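Visitor: 1 is the number of the first residue of the sequence shown in full-length UniProt numbering; add one for each residue after it.
There's a structure below that I have some questions on.
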Amino acid sequence: MLVCQCNMITSKEIEDIVLDLLKADPWQLVVPAKVYNELNRRAKCSGCVPNVVDIIVRVTENYHSQQAHPPADLIHIQTGLEKLKKQQSGVRRERRSTSHRAA
Numbered sequence: 001m002l003v004c005q006c007n008m009i010t011s012k013e014i015e016d017i018v019l020d021l022l023k024a025d026p027w028q029l030v031v032p033a034k035v036y037n038e039l040n041r042r043a044k045c046s047g048c049v050p051n052v053v054d055i056i057v058r059v060t061e062n063y064h065s066q067q068a069h070p071p072a073d074l075i076h077i078q079t080g081l082e083k084l085k086k087q088q089s090g091v092r093r094e095r096r097s098t099s100h101r102a103a
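Structure below.
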């Protein structure tokens, strides 16, 4: 389907670019400007930008739902923080000795 008539950009081209960007960094924020930059084009009349945003959202949601791990594989943040606190509890946080601390 033709999304941008000014630049003759199809929805398939946008989907491919979004997938490539997500494969490079799954947690980056994909915006229409990045998509147009990857296509070496610019939004001329900007009438297509809402449709491009809809495609980006749809492709990103599908990508992340396909990449989702089962709940057993996920690490709970609170559990990880508690383990880190236990590891760090005996470590000195300053390099200077305690006799040189400012009162």
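Virtual Cβ for every residue (Gly too), placed ideally from N, Cα, C.
Predicted model only: the values in this text are computed from it and were never measured.
If residue 32 and residue 57 are in contact, beta carbons under 8 Å, what's the gap, nearest whole angstrom?
Guide: About 11 Å; that fails the 8 Å criterion.
Visitor: Does the separation of the CB atoms of residue 30 and residue 21 fall below 7 Å?
Guide: Yes; because the gap between Cβ atoms is below 7 Å, this pair is in contact.
Visitor: Could you spell out where the beta strand (DSSP E) holding residue 3 opens and where it closes?
Guide: 2–4
Visitor: Using only CA atoms, which one of 4, 35, 85 lies nearest to residue 59?
Guide: Shortest Cα-Cα distance from residue 59 to any of 4, 35, 85 involves 35.
Visitor: Quick check: does the Cβ of residue 5 come within less than 6 Å of any heavy atom belonging to the ligand SAH?
Guide: Summarising the ligand content, the structure contains no ligands, and the ligand SAH is consequently not present.
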